[in-house]
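Numbering (the numbering used here), first residue to last: 111 to 306. Here a beta-carbon is modelled for each residue, glycine too, at the ideal position from N, C-alpha and C. For reference, the structure discussed in these notes is given below.
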Amino acid sequence: MPRKKLRHAFFERPAIDLARDLLGTILVRRVRGKEYRARIVETEAYVGAHDLACHASKGRTARTEVMFGPAGRAYVYLIYGMYDMLNIVASHREDPQAVLIRGAEPLDRWQADLTGPGKLTRALRITRAQNGLDLTGDRLFLLADSAYRPQLVETRRIGIDYAKEWKDALLRFVDANSGLFPQPRGVKTHPSRNAL
DNA sequence: GCGTCGATGGCA
DNA sequence: GCCATCGACGCG
Numbered sequence: 111m112p113r114k115k116l117r118h119a120f121f122e123r124p125a126i127d128l129a130r131d132l133l134g135t136i137l138v139r140r141v142r143g144k145e146y147r148a149r150i151v152e153t154e155a156y157v158g159a160h161d162l163a164c165h166a167s168k169g170r171t172a173r174t175e176v177m178f179g180p181a182g183r184a185y186v187y188l189i190y191g192m193y194d195m196l197n198i199v200a201s202h203r204e205d206p207q208a209v210l211i212r213g214a215e216p217l218d219r220w221q222a223d224l225t226g227p228g229k230l231t232r233a234l235r236i237t238r239a240q241n242g243l244d245l246t247g248d249r250l251f252l253l254a255d256s257a258y259r260p261q262l263v264e265t266r267r268i269g270i271d272y273a274k275e276w277k278d279a280l281l282r283f284v285d286a287n288s289g290l291f292p293q294p295r296g297v298k299t300h301p302s303r304n305a306l
């Protein structure tokens, strides 16, 4: 059975491991009577309260509360006043780690641009209304695909230059088998984002 | 192809 | 005031 639903135990690991292993898995979104599937091709790990790029490094607040809860739930927050970011809570209670889902590729002949965390949530209609949602449910969940082998590339995380000694940590993971990254020079890629 | 900038709102 | 972003615009 190449495609089994990911259960809670899958998410109960350090974010760095979870972020790697989420590459190649299939994100399933059921909304408005339809089901959309997309292969995850880009993730970032936010590894705990000591990670200055992790929201939880500023303390336990109403916004970050979900990250302090059990693994396998959605942490969705608003950034720049207009984009919702989808994260998956990792590790265990009281250890605020999460994986940001940054990019995916549509499956099953469905067309959409999911190359960026803001574009992905917009296309899949994921908002803060899904904050705290259990990702082993039936509206938003993940499937393993044991037949698929991503080619792992590690880079620095995007947009966290304020994070001092954490800004250069290799905690972004990209599937180089996806058409997304890396690309031959001059071909469509993430704008200003392929700094290894 | 690449740098710069404005939009937009919640949060500390 | 600052953002785990995006897309439009201008350059030459």
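Here ASP285 carries a strand assignment [DSSP, helix/strand/coil].
Here HIS165 is buried. Its C-beta has 16 or more other C-beta atoms within 10 Å.
About 23 angstroms separates the CB atoms of GLU152 and ARG249; that is not less than 8 angstroms, and the two are not in contact.
Taking all protein chains shown into account, LEU188 has fewer than 16 neighbouring C-beta atoms within 10 Å of its C-beta and is therefore exposed.
Here THR237 is exposed, its C-beta having fewer than 16 other C-beta atoms within 10 Å.
Your pair VAL209 and MET195 does not check out as a contact, with CB atoms roughly 11 angstroms apart and the cut at 8 angstroms. Of LEU116, ILE150, ALA125, the smallest CA-CA separation from SER288 is found for ILE150.
Here the region 173-183 lies against the region 115-122, with 3 or more beta-carbon pairs under 8 angstroms apart. Exclusion of the five residues before and after GLU275 leaves LEU162 as the residues of its chain whose Cβ lies within less than 8 angstroms of its Cβ. Going by beta carbons, ASP205 and GLY169 fall outside the 8 angstroms limit.
Taking one beta carbon from each stretch, the region 256-265 and the region 224-236 have fewer than 3 pairs nearer than 8 angstroms; the two do not touch. Between LEU245 and ALA155, the gap from beta carbon to beta carbon reaches 8 angstroms or more. Around the beta-carbon of ASP285, 16 or more other beta-carbon atoms lie within 10 Å, marking it buried. If the five residues before and after VAL141 are omitted, its C-beta is found closer than 8 angstroms to the C-beta atoms of LEU234, ARG235, ARG249, all from its own chain and listed in chain order.
Judged by DSSP in its simplified three-state form, ALA125 adopts helix.
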